[in-house]
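Here the structure is laid out as structure tokens; the discussion comes afterwards.
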């Protein structure tokens, strides 16, 4: 089997090839670098750090397990002992952690190999991957456009074929939105189902590790391998995680909520067309549409930005140049050390959010902003719970637009924040949600829809994602469960 | 952004208590080693400035400690 | 105008757990710098805290012993400030929903007992240690060690119920005793295991409103607390007498030079931006678990001392001395179980404590050499007057070095305990026979001569006789003669 074909395989097929000896783990990992990366990485810049030696070492340790030899791109805010972990920030330039994140450890135990660290918006704050200290990642389907953010690097890497799977993080949509923009599946689990130990914290009560893949079956496989309680993370949910082995079980009789009020205004026609398409496909597969109005996303935006920036300002306080990270040289006293190191280390967007968050928590404003936002959050969760008494899954856009152009939203932070308007709700409510691609828009730009599920509804979400794969007539069964993927083409 | 915060007040928040998103019953940890300890070398490896096992910082005057 | 002082204390107690509050690193004292750290207590990116069950248990035991209200649900919070010994630049503590509320600590002996009211007790993590500035060449810097970062602490805040520095000293002494009693903390102030800050203000006597308070820090010993408070009260009095106002401030006290120094004034007050710790769930205390803890608590020292007074007839003072340490009280009661209570008390307080002082050893070490039952056996013989006091002390000294029961020890050293009247009467009669003139003097009322006669018996017995028994025998025999009976003769003596 030549390298050219290996990188096209889904993760399950690749692992089988390695386990049966059809190819070595090293060949499996290198295929994406030899083929697609050679073609795309120069332009796309999905990867912040990678090393042939580290890849080879990883491959050497990994010919066994359900993910034997499968390369996985890991977002640069997940701790890896064999690669730097910089969150694409000058503040952590050169920082290499002495430990692996729990999800990274479980990935390796299953045979997975880290192919590289994915580029991202600095400290996961952004929706376009334009705020990386290494420069932006570009969307492989249109190099003038963004791949989404903050996990733009992992999403793009999966889209152009560097690896069949990637790990990202999703605090307000940072997996689902780039997945939508890059035409891949992006899953944010139920809060607490994937350990946060080793995920550099942005907003502790909202962050979750998320999974990118080109095939629902691959995402299900990786989820099952990584999910489960972690003694090192007190917020991880006790008890066994939901069983997703029935991901190919179809959606006969499943009810999906149709909150059309959400896209009556402010959503691109192309995106709405994608929703219509998805709804049609689900109905063809035997699901039933249940129309009702749902709480508009504006409330979620406000609650999210108050809670997230407050928690972020606190989580980022530890970056001070004392024990690690950037230290401004020759600081005469402590005050200078802190202010100079942090001003130099953090980019403008991060500084903006830290300032806002500090304000939200400050005496005199705490009750008005932070407490109110947390109460609004409880209300938002109740709204979601109420919706799930009427349907099994909620269908809605992943983003209000198709992938936008690089630079388009840089001057308007509010516009950037509002691009998360459909994804924030799931983080606030702690429920699982997933982006799944439908047919590309005219012009070839990826297009996707988002589905939300109740607590521990990952199984349902993956079944629906699979149904969309099948119904979208992209399923041409080769070697069972294989699916055609719409690869980007170089122009 | 703070204008958006005003919008929140229009939401009816009666009976909504701030949630604790950590699940109930996550048990307390037993008082034993948890396999995470670092060697001194590992602890100091990423430090900008060290001196004989310690982290070095500009002078710390007593009185800044609240 | 007469003023009274109003003082409140804020104590930080290092817990005696094996591990730190939020990670598994050892909480031990004295390790090489940065040898006991991990990603969590070093504040590395991505690390998360997990609360230590043993620390929570220790906090609950203290709260129960002090009669606090224990919250079923308490919340950890983040307290933010930038400082090099604070790895995350926030401390995980408890703010508006602490674990324990209220409660009080009894201080003083029985009838003089007072209860000092507490406000709250909560759990938090300790910081690392930063050194004073050091100079090397033309560089000045400080060194930071994170071994102590994350060690579990209890913060105990009293109500402002103290009126005099001496009361604070007594409170801290009692608190230290209780902490050790419950195995919650070793509470050694020199090692920083018990730290105390004090808030003090003055107000005119009879006025309810509180005056402006200052905060005293760096009080490293109980003596330091007492002297520091005294100095600050004087300072405030002088200001008020001169017609000035007291300003809010934080002061350090230097006990060596009896000097106060202003650390900073309140303009620098921090906004700590407290909010609930999102990485930790609400701390839930189950009723059943609490009941089990309560049932397993040892009798508190004040109750034990009261019981010793009531059941063993000890004085309040003696009971208090014996209840300084739980192991000592245990030792005493085990000894008193086999020997007379008050005599056991004397022996433990004088002989045993003397040995402990001289050898700087612990009661546990001591009881390995001389178990309470062994000492009790000796004391019982003294109580029964079979062994005279001085001889018993000798036997005790032998017990420290050698194995064996009382009889064995006496045999080994070729000594007889002569306490039985039958053994001693012949000696008494012998002496009476040899000192007829003295007898006449005693009968005439000269008690010093009686002592001389007793001394003679002691000489004859080489100190092995029991003086009380000898006394009694003399008294009996002399009474007989005074009543006109014929002198009894010692067996084998000439008529």
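Protein chains in written order, with our numbering: chain F, 83 to 573; chain C, 24 to 89; chain Z, 239 to 733.
Using N, Cα and C, we set each Cβ at its ideal position, and we do this for glycine too.
Looking at the DSSP output, residue 330 of chain Z sits in a beta bridge with Z:316.
If you look at residue 631 of chain Z, you'll find it in the alpha helix (DSSP H) that goes 627-639.
Following the DSSP letters along the chain, one finds residue 517 of chain F inside the beta strand (DSSP E) bounded by residues 515-520. The three-state secondary structure of residue 492 of chain Z, taken from DSSP, is strand.
Every unbroken stretch of the alpha helix (DSSP H) spanning 4 or more residues and falling wholly within the segment 477-552 of chain Z is given here in chain order: 525-534, 539-550. In the displayed model, residue 533 of chain F falls within a strand according to three-state DSSP. Nearest to residue 256 of chain F by alpha-carbon distance, out of F:246, F:238, F:244, is F:238. Residue 63 of chain C is outside the set of residues whose beta carbon lies under 8 Å from a beta carbon in chain F. Chain order gives the chain C residues near residue 368 of chain Z as 80, 83, where near means a beta carbon separation below 8 Å. With a 10 Å radius around the Cβ and a threshold of 16 neighbouring Cβ atoms, residue 530 of chain F comes out buried.
Your pair residue 554 of chain Z and residue 617 of chain Z does not check out as a contact, with CB atoms roughly 22 Å apart and the cut at 8 Å. In the assembly as shown, residue 472 of chain Z is an exposed residue. Its beta-carbon has fewer than 16 other beta-carbons within 10 Å. Scanning Z:343, Z:325, Z:466, Z:305 for the CA closest to the CA of residue 404 of chain Z turns up Z:466. Beta-bridge partners assigned by DSSP to residue 252 of chain Z: Z:391.
Within 10 angstroms of the beta-carbon of residue 543 of chain F lie 16 or more other beta-carbons, which makes it buried. In this chain, the alpha helix (DSSP H) harbouring residue 463 of chain F covers 454-469. The alpha carbon of residue 270 of chain F has as its nearest neighbour, out of F:280, F:259, F:221, the alpha carbon of F:259. Counting every other CB atom within 10 Å of its CB across the protein chains shown gives residue 239 of chain Z a total below 16, marking it as exposed. Within the segment 273-301 of chain Z, the residues whose Cβ lies closer than 8 Å to any Cβ of chain F are, in chain order, 277, 280, 281, 282, 283, 284, 285, 286, 287, 288, 289.
Apart from the 5 residues on each side of it in sequence, residue 378 of chain F sits with its Cβ closer than 8 Å to the Cβ of 343, 344 in its chain, given in chain order. Using beta-carbon distances, residue 333 of chain Z does not count as an interface residue toward chain F, since no partner is under 8 Å.
Residue 413 of chain F has a beta carbon lying within less than 8 Å of a beta carbon in chain C. Under the Cβ criterion (8 Å, minimum of three pairs), the segment 326-341 of chain F does not count as touching the segment 461-468 of chain F. The closest CA to that of residue 58 of chain C, considering only Z:257, Z:437, Z:648, Z:722, is found on Z:257.
Within the segment 267-307 of chain Z, the alpha helix (DSSP H) runs of at least 4 residues that lie entirely inside it are, in chain order, 291-303.
As summarised for the segment 424-463 of chain Z, the continuous beta strand (DSSP E) elements at least 3 residues long and confined to that stretch are 432-442, 452-457, given in chain order. With its beta carbon less than 8 Å from one in chain Z, residue 402 of chain F belongs to the interface.
Residue-level contact by beta carbon fails for residue 455 of chain Z and chain F, as no gap is shorter than 8 Å. For residue 320 of chain Z, the C-beta contacts it makes with chain F under 9 Å involve 399, 402, 416, 417, 420, in order along the chain. Using a CB distance cut-off of 8 Å, residue 172 of chain F does not count as an interface residue toward chain C.
Not one beta carbon of chain C lies nearer than 8 Å to the beta carbon of residue 545 of chain F. The Cβ neighbour count for residue 603 of chain Z, taken over all protein chains shown within 10 Å, is under 16; the residue is labelled exposed. Here residue 159 of chain F is buried, its C-beta having at least 16 other C-beta atoms within 10 Å.
A straight line joining the alpha-carbon of residue 212 of chain F with that of residue 421 of chain F spans about 25 Å. Contact between residue 263 of chain F and residue 206 of chain F does not hold, since their C-beta atoms are separated by about 16 Å, which reaches or exceeds 8 Å. Between residue 171 of chain F and residue 215 of chain F, the C-beta gap is smaller than 8 Å, which places the two residues in contact.
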